[in-house]
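Peer 1:
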Amino acid sequence: MGNLLLRIEQLLQPVLNVLHMISNIILFLVAILITCDVIGRFFFNQPIKGAFELTEFGSAILIFFALAVTHRHKEHIAIGFAVDQLAHKPRHVTEGIIELFVCVLLVLMGTSIFLEGIYIMNQNVITTDLQLPLYPFILLISIGAFMFALTALLESLKHFRRAVEKA
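Counted the way the working numbering counts, the sequence shown spans residues 1 to 167.
1. Exposed or buried, K74, counting other C-beta atoms within 10 Å across all chains shown (16 or more means buried)?
2. Could you tell me if Y135 is buried or exposed, where buried requires 16 or more neighbouring beta carbons within 10 angstroms of its beta carbon?
3. What is the DSSP secondary structure of I141, counted as helix, strand or coil?
4. Label D84 either buried or exposed according to how many other C-beta atoms from any shown protein chain fall within 10 Å of its C-beta, with 16 as the threshold for buried.
5. Keeping to the same chain, check which residues put their C-beta closer than 7 Å to that of I120; ignore five residues upstream and five downstream.
6. Go ahead and label A31 buried or exposed: buried means 16 or more other beta carbons lie within 10 angstroms of its beta carbon, across all protein chains shown.
7. Measure the C-alpha to C-alpha separation of G80 and E95 and round it to an integer number of angstroms.
8. Across the stretch 151-160 and the stretch 113-131, are there enough close Cβ pairs to call them in contact, namely three or more that are closer than 8 Å?
9. From which residue to which residue does the alpha helix (DSSP H) around P90 run?
10. Among S23, Q131, L12 and R91, which one has its Cα closest to the Cα of L140?
11. For the ligand MG, I want to know if V30 counts as a neighbour, meaning its beta carbon is within less than 6 Å of at least one of the ligand's heavy atoms.
12. Let me check understanding here. Comparing Cα to Cα, which of T70, V107 and L33 lies closest to E53?
13. Let me know if C103 comes out buried or exposed under the rule of 16 or more other beta-carbons within 10 Å of its beta-carbon.
14. If I'm right that R161 touches L5 with Cβ under 8 Å, what's the distance once you round it to whole angstroms?
15. Could you check what DSSP says for I48 in three-state terms: helix, strand or coil?
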């Protein structure tokens, strides 16, 4: 079991690194876009057409791509005062159940987002200002949700493994 988890982790980590890199690039580009839009509005009375749309889509993709990486490195806010008081085995069983619950919710959420993206693709929905198709952005967001679910599943299995190991 330990070797399988290690192998999955080795396969998942490069994917998470790519998502992290993409989210960093998007953050940089959105910051540049907002800065240029503000300068254009203030000094030249010429806003960048579609800046609001691109900021919305960039922010959504950035957040969903960064969630899995944040979860993997435990950089998120966690309230563990009750769980931290438990002994080794019950603590890891509880953490494993929580991670499994998170995984199930994220699979449901990712599936819903993906199906919405397919529906929007079939309806040929486009953005207002730039006339861009909306579905690629939504499908990218679903990828982020599924990667977060996979990360939560891996963390769940690691907690269950720790629960059965000798303390």
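We put the CB at the ideal spot given by N, CA and C, even for glycine. What you are looking at is a predicted structure, and each value in this text was computed from that prediction instead of being measured.
Peer 2: According to the structure shown:
1. For this step, residue 74 is matched to residue 74 along the sequence shown. By the 10 Å Cβ count, K74 comes out exposed.
2. As a first step, residue 135 is located in the sequence shown; it is residue number 135 there, counting from the start. So Y135 counts as buried.
3. Walking along the sequence shown from the start, residue 141 turns up at place 141. If DSSP states are grouped into helix, strand and coil, I141 belongs with the helices.
4. Stepping through the sequence shown from its first residue, residue 84 is reached at position 84. D84 should be labelled exposed.
5. As a position in the sequence shown, residue 120 is number 120, starting the count at 1. Correct list, in chain order: L134, Y135 and I138.
6. Working through the sequence shown from its first residue, we reach residue 31 at position 31. With fewer than 16 Cβ atoms within 10 Å of its Cβ, A31 is classed as exposed.
7. Sequence index remark: in the sequence shown, residue 80 carries index 80 (1-based). Sequence index remark: in the sequence shown, residue 95 carries index 95 (1-based). So the alpha carbons of these two residues sit roughly 9 Å apart.
8. no
9. Sequence index remark: in the sequence shown, residue 90 carries index 90 (1-based). Per DSSP, P90 belongs to the alpha helix (DSSP H) from H88 to Q123.
10. Along the sequence shown, read from residue 1 onward, the residue named residue 140 stands at position 140. Among S23, Q131, L12 and R91, the Cα nearest to that of L140 is on S23.
11. Ligands in the displayed structure: none, and consequently the ligand MG is not present.
12. What you label residue 53 is simply residue 53 of the sequence shown in a count that begins at 1. Comparing Cα-Cα distances from E53 to each of T70, V107 and L33, the minimum goes to L33.
13. Taking the first residue of the sequence shown as 1, we reach residue 103 at position 103. Buried.
14. Along the sequence shown, read from residue 1 onward, the residue named residue 161 stands at position 161. Along the sequence shown, read from residue 1 onward, the residue named residue 5 stands at position 5. 7 Å between Cβ atoms; contact.
15. For this step, residue 48 is matched to residue 48 along the sequence shown. Of the three classes helix, strand and coil, the one that applies to I48 here is coil, per DSSP.
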